[in-house]
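The structure under discussion appears below in the form of C-alpha cells.
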Amino acid sequence: MNPREIRVSAGVVTDAAGRALLVRKSGTRLFMNPGGKPEPGENPAETLVRELHEELGLSVTAASLHPLGVFRTAAANEPGHDVIADAFRLEIDPADAAPRAEIAEARWITAEDAAQTPLAPLCVVLLPLVWGAVYRP
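Per my numbering, residue 10 is the first one in the sequence shown, and the count goes up by one each step.
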C-alpha cells in the first residue's frame, strides 16, 4: 500500500427515521462516519465492529453489517493523504450510541442538516447512499 493511503472501515450508521450518525474526534472540526484503522489480522467488518464498540459503545456483529463497497477520498485530518474505506451500512437505536474514547461529539443528522454540518470528504461520498436524491452535497 502507498504510504499516502490510509485504509479504514467506515460505518454508515442510520436510525429508523433515516438520520445518519456522524462523529467528531477530539481536536478536529469535521464530522465523519464512525470507524477507523484495522488492527493486525482484522478484516474490514471486524475492524468496524471493534471501532463501533470503542467509539460509541455499540455491541454489533459482523453479520449485522451490510457492505456498501470500497471508496476513496481525500483524508479529513491528514493533508496530502487519501483514505480508502470499506464502507458498511447499519441501522441502530439512537439510545444505544454514546461518544467514547477519542470521540468528542456524536451527532444524528438529516439530509437538511448536512448543509450546516462540517463534513469530512468521505461523508460527502457516503451520505448519498443513505439519502439518495434528497441529499445534494
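Note that CB positions come from ideal geometry on N, CA and C, so glycine has one too.
Terminal residues of the alpha helix (DSSP H) in which A96 lies: Where A96 is concerned, there is no enclosing alpha helix (DSSP H), although the beta strand (DSSP E) it sits in stretches over 91 to 100.
At the level of alpha carbons, what is the spacing between V139 and V133? Taking the CA atoms as reference points, V139 sits about 11 Å from V133.
Completely contained beta strand (DSSP E) runs for the segment 37 to 120, where each covers 3 or more residues: 75 to 83, 91 to 100, 112 to 118
Reduced DSSP category for G20 - H, G, I as helix; E, B as strand; rest coil: strand
From which residue to which residue does the alpha helix (DSSP H) around L31 run? Segment 29 to 34 is the beta strand (DSSP E) holding L31; no alpha helix (DSSP H) there.
Nonlocal neighbours in the same chain, by C-beta distance under 6 Å from R16, ignoring five residues either side: I93
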